[in-house]
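Comments concern the structure below.
So this is what it looks like as structure tokens:
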């Protein structure tokens with residue numbers, strides 16, 4: 529018996545959790561990809577908003593880690609729409625533009641957690657692990 533499951537344009541070939549990392553900074557994407565893969569996750573990355581939308585549809589990730597300000601869009605304002613379409617997708621927001629209002633709005637709009645840059649890699653791992661341990665009812669959009 530193989531472990532293949534099909535999404536629209538992506539084949540899952542393992543039982544690993546898939547994490548989509550979205551950041552316009554290539555070094556952030558690289559660091560998070562290596563860190564998360566080293567800890568047993570499958571990681572896909574993209575650097576813009578269009579790529580975020582395309583990747584969610586194609587790979588159906590188990591977790592989205594995203595910067596809120598991308599060159600072609602502001603993810604913060606789109607979290608409610610993303611959660612409306614993908615209610616079971618936990619979202620972790622990372623941003624260099626850290627303020628209490630941004631953190632509060634991120635969670636208010638549907639993000640599970642907010643992490644400010646520069647981030648501590650141990651904290652990122654802790655947040656990722658806790659996202660997968662929480663019951664879906666914690667992060668799914670309330671009807």
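In my numbering, the protein residues as written are 529 to 671. By construction, the Cβ of each residue, glycine as well, lies at the ideal position given by its N, Cα and C atoms.
Check	Outcome
Buried versus exposed call for residue 600 [16 or more other C-beta atoms within 10 Å across all chains shown]	exposed
Delimiting residues of the beta strand (DSSP E) encompassing residue 644	641 to 644
Beta-carbon gap between residue 592 and residue 584 smaller than 8 Å	yes
Distance between residue 624 and residue 646 (C-alpha atoms, nearest Å)	7 Å
Beta-carbon gap between residue 607 and residue 639 smaller than 8 Å	yes
Where residue 595 falls, given that 16 or more other Cβ within 10 Å makes a residue buried	buried
Residues near residue 564 by beta carbon distance below 6 Å, same chain, minus five either side	547, 571
Residue 602 (DSSP reduced to helix, strand or coil)	strand
Best match in 660, 629, 604, 654 for proximity to residue 580 [C-alpha to C-alpha]	604
Heavy atom of the ligand COA within 7 Å of residue 600 beta-carbon	Questions concerning the ligand COA fall outside what the structure shown contains, since it holds no ligand whatsoever.
Cβ-Cβ distance between residue 562 and residue 549 below 8 Å	no
Backbone secondary structure at residue 593 - three-state DSSP	strand
6 Å Cβ shell around residue 557 - same chain, five flanking residues per side excluded	549, 551, 573
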